[in-house]
Amino acid sequence: ADTRTAGVLAGLDAEQGAAAARTEGPLVILAGPGSGKTRLLTHRIAHLVRDHGVPAPACLALTFTRKARQELESRLAALLPGETPGASVHTFHTLGLLILRAHGDRVGLPPDFRVADERERRQGLVQALGVSDARAGALLKALSLAKRADPDAPPPDPGVVAAREALDARGRAEGWVDFDDLVGLATALLETDDTLAARWRARFSHVLADEFQDVDPVQYRLLRCLAGDAGNVCVIGDPNQAIYGFRGADGACFERFRRDYPQAATVRLTRNYRSIASVVRAAAAVIGAPVEGVTRPEETPIPCHEAASEKDEAEFVATTLESLLGGHDMLGAHHPDAHAPARPLGFADVAVLYRTDAQADALREAFDRAGIPFQKSVPNPLQDHAGVRALMARLAAEGSEATALPLVRRLTQAATALDQDPDTDPAALAEARGWLAALIAENPGADLAGLAEDVALATEADFRDPRAERVSLLTLHAAKGLEFPVVFVVGLEDGLVPLGFSGRPPDPRTLAEERRLFYVALTRACDRLILSHARTRFWRGAVTPRRPSPFLAALPPALITTQAQPAAPPRPRQLRLF
Ligand code: ATP
Ligand code: MG
């Protein structure tokens, strides 16, 4: 087309550019990790705005986490300088919130309704149904799944129905909804009110969704309402990275989309721009997929280290990291993106990924000893986390005089009380402290309502600051969509990856999802991937012997250098890997 088009689309290859230039009608973009899907999404919006005169706010970009949303916003701001107001970038939940803030009265919500957290809802259930706290927690989990399910799904069991009725009544009386209601009520509203739906459709001429493989049935319906029948709707994702089945995403979203939009075009991107060849090959082997276009031919071997214990494993990560950063590794020299300048490796270039939060403790200790700065993803208090739960329980137990204090003060006091309580589990205390520190750093002047809403809408990855010069400690789930020059994946043991519950092997569906999760983890690495597992681990209260993850067997031996820590000391202080 013209020079302006070249300007916005210049950062894309031919495949990506063709997809970005296809601006009308429904479009599916299917592509593997690191193939530039997210990059394409932002350039496509910039192209719509710059070259087709679409007003930026009429472009609706949907994603899942607040961090992903911020990332999209900042990439768009860079591509479209001076464009205010900018594109409409939302998570499904903030979009639901926006719709309910405008029309919540139609579903009986007061204008200042709030989002209740897990603790409050659990207590509500304990009071309303007279069930135990543990039973209330289990009911809430089942209820959340039921709220995210397809309307055709089999009805939930009577206990869940009763829980729903009790909580709905309480929420209406007290003016709150839960996290799932944000999407569910907004969807119900648009599905039952054509005029309203038409108004929202008119507001967004183009709808784009990233990480579409993780959309649950209700989120899909919301997207469908906003896109309409003949909509300009572009869904982008990778079925091999679907990792939220346990939270209600059912993997059928692409089929639903094709059924609803039979005229949709499908585009595949086939070049991996993120990872070096050995990482691309190793990852492809895990899911049994063919290796697609490699742009970075480096065949740097992938070390797989067997440590004697989880402490030794953490020590290995710290030592390896120090030697990597102490060496004069330069990044960017071989990167296909010509704009990426070569620079020395820093702490922020490194991520350590693990399956469960409990694994972070050993890493934290090793990093503290070695003086390595790190930031840990913070658990979502809506999920089941002992530390945050303990903190919330303290808050709930405080006297009425305390509730006049600012929330952050109250939280800090609660943490102090936890600290002084001899019954407090040290791991829970550490978790509560980490969560609180991140919360305060992110919300210095927050008021109670704002903070509660923020907390309720946050997911674990949201508390990671991408600019901080720190190593990122992340769960495998929280690493989705991110990339790091150096990635460690630790704890690659049977029972952790895949995660096993009560000694039983996971069912085939769960096993497949765990395998995809491992795939997501490997594909976060740009330049270096380092794997590890331990022969023994302190796990659920006891030192247990561990076997390597069965998924490791899928990795082509030629790509991996295995190394085992000797059974007895002394062990080498400095392991030279590269
Ligand atoms: P994931 O599935 O993990 O979310 P993705 O497909 O969204 O991956 P991106 O994050 O968009 O991939 O891109 C991966 C990396 O490759 C980014 O650093 C991006 O800037 C770079 N990249 C993508 N396309 C190109 C290109 N045409 N030229 C140079 N670099 C590119
Ligand atoms: Mg992406």
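Residue numbering for the sequence shown follows UniProt numbering, starting at 469 and increasing by one per position. Backbone N, C-alpha and C define an ideal beta-carbon position, used for all residues, glycine too.
Taking C-beta atoms under 8 Å as the contact rule, V955 and R992 qualify, at a distance of about 5 Å.
Three or more beta-carbon pairs separated by less than 8 Å link the region 735 to 743 to the region 754 to 768, which places the two stretches in contact. In the three-state scheme derived from DSSP, where H, G and I count as helix and E and B as strand, D995 is classed as strand. If you look at G627, you'll find it in the alpha helix (DSSP H) that goes 626 to 642.
The Cβ atoms of V785 and S1000 lie closer than 8 Å to each other.
About 5 Å separates the CB atoms of R537 and T559; that is less than 8 Å, so the two are in contact. D728 is positioned such that its CB atom lies no closer than 8 Å to that of P501. Exclusion of the five residues before and after L694 leaves L528, W668, R669, F672, V675 as the residues of its chain whose Cβ lies within less than 7 Å of its Cβ. Following the DSSP letters along the chain, one finds S542 inside the alpha helix (DSSP H) bounded by residues 534 to 547.
The beta-carbon distance between E937 and A1032, rounded to whole angstroms, is 33 Å. This is too long to meet the 8 Å contact definition.
Taking C-beta separations shorter than 8 Å and ignoring five residues to either side along the sequence, the partners of L690 in its chain run F560, L563, G564, V651, A654, T655, L658, following chain order.
Contact between the region 711 to 725 and the region 515 to 531 is not established, with fewer than three Cβ pairs separated by less than 8 Å. Along the region 685 to 768, the alpha helix (DSSP H) occurs as fully enclosed runs of 4 or more residues at 685 to 695, 721 to 728, 745 to 755, listed in sequence order. Pairing T1004 with Y822 gives a Cβ-Cβ distance that is not under 8 Å. Where H945 is concerned, there is no enclosing beta strand (DSSP E), because DSSP gives it neither an H nor an E. Counting only residues whose CB is nearer than 7 Å to a non-hydrogen atom of the ligand MG, the list in chain order is K505, T506, D678, E679, G949. Placement of the Cβ of S556 at a distance of 7 Å or more from every heavy atom of the ligand ATP is found.
When distances are taken from the beta-carbon of L831 to the heavy atoms of the ligand ATP, even the shortest one reaches 7 Å or more. Contact between E961 and A1002 holds, with the beta-carbon distance rounding to 7 Å and staying under 8 Å.
In the DSSP annotation of this structure, the continuous segment of the beta strand (DSSP E) that includes T531 starts and ends at 527 to 531.
Runs of beta strand (DSSP E) with 3 or more residues, each lying fully within the region 549 to 574, are found at 556 to 559, listed in chain order. For the ligand ATP, a non-hydrogen atom lies closer than 7 Å to the CB of S503. Counting other Cβ atoms within 10 Å of its Cβ, Q595 stays below 16 and is therefore classed as exposed. Sorting A621, Q591, P622, P619 by C-alpha distance to the C-alpha of L607 places Q591 at the top. With fewer than 16 other Cβ atoms inside 10 Å of its own Cβ, S600 counts as exposed. In the DSSP annotation of this structure, the continuous segment of the beta strand (DSSP E) that includes Q1031 starts and ends at 1028 to 1032. The criterion of a C-beta distance shorter than 8 Å is satisfied by T506 and D678.
For F956, the uninterrupted beta strand (DSSP E) segment begins and ends at 952 to 957. Taken from the Cβ of Y822, every heavy atom of the ligand ATP lies 7 Å or farther away. Contact annotation: A487 and L508 have beta-carbon atoms nearer than 8 Å. In the three-state reduction of the DSSP assignment, T510 falls in the helix class, which pools H, G and I.
Looking at the backbone, the Cα of E633 and that of A614 are separated by about 13 Å. For F581, the secondary structure class from DSSP, reduced to helix, strand or coil, is coil. A buried status is given to E783, since no fewer than 16 other beta-carbon atoms sit within 10 Å of its beta-carbon. Secondary structure of F815 (DSSP, three-state): helix. V747 places its beta carbon 8 Å or farther from that of V958.
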